[in-house]
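*Asks:* Encoded as structure tokens, here's the structure I'll be asking about.
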Amino acid sequence: MITDGARQDEGPVLAIKDLRIQIGGIDVVDGVSLSASRGRILAIVGESGCGKSLTALSILRLLPKAAKIVDGRVELDGGDLAHLPEKDLEDIRGNKASIIFQEPIASLNPLMRVGAQVEEALRLHRGLSRAEAWREAVAMLASVGIPDPERRAKQYPFELSGGMCQRVMIAAALICRPRLLIADEPTTALDVTIQAQILDLMKRLRDEVGTSIIIITHDMGVVAEMADDVAVMYGGRVVEQGPVDTIFAAPAHPYTHLLLTTVPRLDGHRKSSLRTIEGIVPSVDQWPQGCRFRSRCPLATDVCAQRPPLDPVDAAGHDAACWHTDRLMELA
Amino acid sequence: MTSVTVSAPLRRRSHMRVSLTRWAPIVLIAAFVLAAVFAPLIAPYDPNAQNLLARMKSPGTVSRSFHYLLGSDELGRDLLSRLIYGARVSLFVAFASVILSGVVGVLLGMLAGYLRGWVEVLTMRLVDVFLSVPAILLAIITVAVLGPGLVNVIVVLALTRWPRYARIAYGQTLSVANMPFVRLAAFMGASAPRILIRHILPNIIGAVTVVATLEFGLMVLFEAGLSFLGLGVQPPTASWGAMLSSGRNYLATAWWIATFPGLCLFLLVLAVNLIGDDLRDRFDPRSQ
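Line by line, the protein sequences are chains A and B. Note that UniProt numbering has the first sequence beginning at 1, numbered continuously upward. Note that UniProt numbering has the second sequence beginning at 1, numbered continuously upward.
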């Protein structure tokens, strides 16, 4: 039922170029470039404080007041969003690009029927009549897998479970068939079985609506399950990016490599303790010069005091920012 | 066995008491409201018709063809009729001033809590200034300047009482405005008025209602106080406060003139406060 035949162009839906975001004069996002292709899922991975949420929020200019975009471009379908007047942004938010937050229950107004919340974007952006919008909302609730949508649409959020609420949020986010959906840790608040269902749902809707999805997560399991492409962030920079299979099979940056070894494996030794990456993420004002992972990296040498460029590792779009990509074997 | 037979009636009695304290005030207020609305139908006589030959007759007196159920006042007017008409003034002033001050206060409070910045500073400091001055004093001064009268009393009460609503609406808005669903609505392209009315107002109206109910009782007293001081509605219009004031002079010889309006005030304010307490308990998340 959901089709988007209007635009079939093949350029990236979203392109972020050399984005720099400052908080209090300190670069918290430093020269990030990303792109999301039509109908593909891009995962931005990293530890807390690596700038992944700021990067994603900056796309729709939802940054907290203290944070400022000082440089770079954010292009949605070729148009720059970073310098668009606030008024024109309103036309894009919820319409061409949408977002899902991590707390599904708190993201719904407790005193509004869920159907009314799903149809809100439609009424704001499409100017549909109440009856038409309601019909679409019910249809959307059905397509996100909510049983008995007619009845559910008339219920209030407290009558729904957390997983149901997240389905409602996804319905609300996708009702205008946006070109881009940003999902900020969409499954963190849900238990594992519901997580899998929600991820499946998002993949299915991606295929039906043709929306590109950017998913922000720290969960490598979610990345493996969902993503087509991965961007690994550390210290406000992208340290490695590329197709998910390549990166999981042959990571080229020591941080990615170590991050993957921290994931417990079913075929690993059962008694062995969980692997960790030594040290903690330095606070923003204490990032080292050059490569920011230097202070925790087992491969670090003097050359790491120079900032490594994000260079191609192979021809398939796999890039890494490390001087020692050839020495990764030493980490095993 | 004994514990069962003892506890069952106990529980029933406490249940009855709960529903009594819940329903008695509502019935009482309904009675006052009905009396006020249908005053011309209910009142036995014209409230302003004087009968100087039947001055200060005690309750139950029959004089010529007049039957003074609650007695007559110093000008021979039927006290019951005056009480019924007086309910109109009390309730109208209270309703109107609560609605007026509530609308103004909630609007300003929500704007302060949602827009923050200089709007917040300006509004909330103004609220502080208003709340630091005793409201009745402020009301007396303003009425004295504007002149007495029904409309002026309402305007003055609204003017002095809006900060109460502003403060509660402000605090509630602050907490609701940071909820993800409000940020999401803003993100989806909802305008500030739409967010305030559709998303924030329904979530703060509970707390505001509690304040409004308690304020209602206070407004009845303020009106009575202003009328008592001669700054409210002007004679010969009946008002409980004014009746109390004039009856005070005859307390030794005709106790009923001051007692019955006082009793009406007492019952109305008590009933309103009981409802307010009940509402507060219901809206308080800790008691659920």
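We treat Cβ as the ideally placed atom computed from N, Cα and C, and that holds for glycine. None of these values were measured; they are calculated from a predicted model.
For Val232(A), collect the residues of the same chain with a Cβ closer than 6 Å to its Cβ; drop the 5 residues on either side in sequence, then sort them by chain order.
*Replies:* Here residue 232(A) refers to the residue found at position 232 of the first sequence. Around Val232(A): Val45, Val239, Glu240, Thr256.
*Asks:* To test your reading of the DSSP string, which unbroken alpha helix (DSSP H) runs of 4 or more residues are found completely within the segment 165–224 of chain A?
*Replies:* List check, alpha helix (DSSP H) in window: 192–209.
*Asks:* Phe101(A) by DSSP, collapsed to three states: which one?
*Replies:* Numbered from its first residue, the first sequence carries residue 101(A) at position 101. Coil at Phe101(A), not helix or strand.
*Asks:* Do Ala67(A) and Ile105(A) have their C-beta atoms closer together than 8 Å?
*Replies:* Taking the first sequence and counting its residues from 1, one reaches residue 67(A) at position 67. Taking the first sequence and counting its residues from 1, one reaches residue 105(A) at position 105. Result no, Cβ atoms of Ala67(A) and Ile105(A) do not sit closer than 8 Å.
*Asks:* Any beta-carbon of chain A closer than 8 Å to the one on Leu184(B)?
*Replies:* Indexing the second sequence from 1 puts residue 184(B) at position 184. True, the Cβ-Cβ gap to chain A drops below 8 Å.
*Asks:* To the nearest angstrom, report how far apart Thr237(B) and Ile140(B) are at their CA atoms.
*Replies:* Indexing the second sequence from 1 puts residue 237(B) at position 237. Indexing the second sequence from 1 puts residue 140(B) at position 140. If you take the alpha carbons of Thr237(B) and Ile140(B), they lie about 20 Å apart.
*Asks:* Measuring CA to CA, which of Pro235(B), Ala158(B), Ile204(B) is closest to Ser175(B)?
*Replies:* Within the second sequence, numbered from 1, the residue matching residue 175(B) stands at position 175. Ser175(B) has its Cα closest to that of Ile204(B), out of Pro235(B), Ala158(B), Ile204(B).
*Asks:* Tell me, please, whether the CB atom of Gly189(B) is closer than 8 Å to any CB atom in chain E?
*Replies:* Absent from the structure: chain E. Protein chains present are A and B.
*Asks:* Can you list the alpha helix (DSSP H) stretches of 4 or more residues lying completely in the segment 232–269 of chain B, in chain order?
*Replies:* For the segment 232–269 of chain B, whole alpha helix (DSSP H) runs of length 4 or above, ordered along the chain, are 240–247.
*Asks:* Identify each residue in the segment 25–42 of chain A for which the Cβ-Cβ distance to at least one residue of chain B is less than 8 Å, and report them in chain order.
*Replies:* Cβ contacts with chain B come from no residue of the segment 25–42 of chain A.
*Asks:* Say whether the segment 36–44 of chain B touches the segment 83–94 of chain B, bearing in mind that this needs 3 or more beta-carbon pairs closer than 8 Å, one atom from each stretch.
*Replies:* With the cut-off at 8 Å, the segment 36–44 of chain B and the segment 83–94 of chain B touch.
*Asks:* Would you tell me roughly how many angstroms separate the C-alpha atoms of Leu124(A) and Ala258(B), rounded to the nearest one?
*Replies:* Residue mapping note: residue 124(A) aligns to position 124 of the first sequence, counting from 1. Residue mapping note: residue 258(B) aligns to position 258 of the second sequence, counting from 1. Whole-angstrom Cα-Cα distance: 60 Å.
*Asks:* Put Leu14(A) into one of helix, strand or coil per three-state DSSP.
*Replies:* Mapped onto the first sequence, residue 14(A) falls at position 14. In the structure shown, Leu14(A) sits in a strand (DSSP, three-state: E or B).
*Asks:* Using DSSP's beta-bridge definition, name the partner residues of His67(B).
*Replies:* As a working note, residue 67(B) is residue 67 in the second sequence. Paired residues: Val62(B).
*Asks:* Residue range of the beta strand (DSSP E) that Val29(A) falls in?
*Replies:* On the first sequence, position 29 is the one that residue 29(A) refers to. Where Val29(A) is concerned, the enclosing beta strand (DSSP E) stretches over 26–36.
*Asks:* Would you call the segment 77–87 of chain B and the segment 46–61 of chain B in contact, with 3 or more CB pairs under 8 Å?
*Replies:* Yes, they touch.
*Asks:* Do you know how far the Cα of Phe101(A) is from the Cα of Asp30(A)?
*Replies:* Residue mapping note: residue 30(A) aligns to position 30 of the first sequence, counting from 1. Residue mapping note: residue 101(A) aligns to position 101 of the first sequence, counting from 1. Straight-line Cα distance between these residues: approximately 24 Å.
*Asks:* Can you tell me whether Gln306(A) is helix, strand or coil according to DSSP?
*Replies:* For the purposes of this step, residue 306(A) is identified with residue 306 of the first sequence, where counting begins at 1. Note: Gln306(A) maps to coil in three-state DSSP.
*Asks:* Is there a Cβ of chain A sitting closer than 8 Å to that of Arg282(B), yes or no?
*Replies:* Along the second sequence, one-based indexing puts residue 282(B) at 282. For Arg282(B), the answer is no, since every Cβ of chain A falls outside 8 Å of its Cβ.
*Asks:* Do residue 334(A) and Thr325(A) have their C-beta atoms within less than 8 Å of each other?
*Replies:* Residue coverage of chain A in this structure runs from 1 to 332, which leaves residue 334(A) outside it and unanswerable.
*Asks:* Give me the subset of the segment 200–232 of chain B whose CB atoms are less than 8 Å from a CB atom of chain A, sorted by chain position.
*Replies:* Listed in sequence order: Pro202, Asn203.
*Asks:* Determine which residues share a DSSP beta bridge with Asp326(A) and list them.
*Replies:* Position 326 of the first sequence, counting from 1, holds the residue named residue 326(A). Answer is none; Asp326(A) lacks a bridge partner.
*Asks:* Output yes or no for whether 8 Å exceeds the beta carbon distance between Lys87(A) and Ile216(A).
*Replies:* Along the first sequence, read from residue 1 onward, the residue named residue 87(A) stands at position 87. Along the first sequence, read from residue 1 onward, the residue named residue 216(A) stands at position 216. Taking 8 Å as the Cβ cut-off, Lys87(A) and Ile216(A) do not qualify as a contacting pair.
*Asks:* Are the Cβ atoms of Ile41(A) and Ile213(A) separated by less than 8 Å?
*Replies:* Numbered from its first residue, the first sequence carries residue 41(A) at position 41. Numbered from its first residue, the first sequence carries residue 213(A) at position 213. Their beta carbons are under 8 Å apart, which means Ile41(A) touches Ile213(A) by this criterion.
*Asks:* Does the distance from the C-beta atom of Leu14(A) to that of Glu75(A) stay below 8 Å?
*Replies:* For the purposes of this step, residue 14(A) is taken as residue 14 along the first sequence, with counting starting at 1. For the purposes of this step, residue 75(A) is taken as residue 75 along the first sequence, with counting starting at 1. Against a cut-off of 8 Å, the Cβ pair of Glu75(A) and Leu14(A) comes out as a contact.
*Asks:* Does the beta carbon of Pro180(B) come closer than 8 Å to any beta carbon on chain A?
*Replies:* For this step, residue 180(B) is matched to residue 180 along the second sequence. Closer than 8 Å to some Cβ of chain A, the Cβ of Pro180(B) qualifies, so yes.
*Asks:* Among Phe260(B), Asn178(B), Phe32(B), Leu229(B), whose alpha-carbon lies nearest the alpha-carbon of Tyr114(B)?
*Replies:* Along the second sequence, one-based indexing puts residue 114(B) at 114. Here the closest residue by C-alpha is Asn178(B).
*Asks:* Identify, in the order they occur along the chain, each residue of the same chain with its Cβ nearer than 8 Å to the Cβ of Pro110(A), setting aside the five sequence neighbours on each side.
*Replies:* The count along the first sequence starts at 1 and reaches residue 110(A) at position 110. For Pro110(A), where only same-chain residues beyond five positions count, the Cβ hits under 8 Å are Tyr156, Pro157, Phe158.
*Asks:* Are Ser245(B) and Leu157(B) closer than 8 Å when you measure CB to CB?
*Replies:* Taking the first residue of the second sequence as position 1, residue 245(B) is located at position 245. Taking the first residue of the second sequence as position 1, residue 157(B) is located at position 157. The answer is no: Cβ separation not under 8 Å.
*Asks:* Cα separation between Thr253(B) and Trp118(B)?
*Replies:* Walking along the second sequence from the start, residue 253(B) turns up at place 253. Walking along the second sequence from the start, residue 118(B) turns up at place 118. Rounded to the nearest angstrom, the two C-alpha atoms are 60 Å apart.
*Asks:* Got a sec, what are the start and stop residues for the alpha helix (DSSP H) Asp71(A) sits in?
*Replies:* If you number the first sequence from 1, residue 71(A) lands on position 71. It is not in any alpha helix (DSSP H) - Asp71(A) instead sits in the beta strand (DSSP E) that spans 67–76.
*Asks:* Spell out the partners DSSP gives Gly242(A) in its beta bridges.
*Replies:* Numbered from 1 along the first sequence, position 242 holds the residue referred to as residue 242(A). In the DSSP output, where bridge partners are listed per residue, Gly242(A) has Val230(A).
*Asks:* Can you tell me which of Leu122(B), Thr213(B), Tyr250(B), Arg161(B) puts its alpha carbon nearest to the alpha carbon of Leu137(B)?
*Replies:* In the second sequence, counting from the first residue as 1, residue 137(B) sits at position 137. For the residues Leu122(B), Thr213(B), Tyr250(B), Arg161(B), the minimum Cα distance to Leu137(B) belongs to Arg161(B).
*Asks:* Distance cutoff 8 Å, beta carbons only. Does Leu62(A) sit that close to anything in chain B?
*Replies:* As a first step, residue 62(A) is located in the first sequence; it is residue number 62 there, counting from the start. Answer yes: the Cβ-Cβ gap between Leu62(A) and chain B drops below 8 Å somewhere.
*Asks:* Where do the N-terminal and C-terminal ends of the alpha helix (DSSP H) with Leu122(B) fall, by residue?
*Replies:* Sequence index remark: in the second sequence, residue 122(B) carries index 122 (1-based). Here the alpha helix (DSSP H) through Leu122(B) covers 117–132.
*Asks:* Just checking my contact of Ala137(A) with Ile175(A) at CB under 8 Å: how many whole Å lie between their CB atoms?
*Replies:* For this step, residue 137(A) is matched to residue 137 along the first sequence. For this step, residue 175(A) is matched to residue 175 along the first sequence. Yes, they are in contact, since the Cβ atoms of Ala137(A) and Ile175(A) sit about 7 Å apart, within 8 Å.
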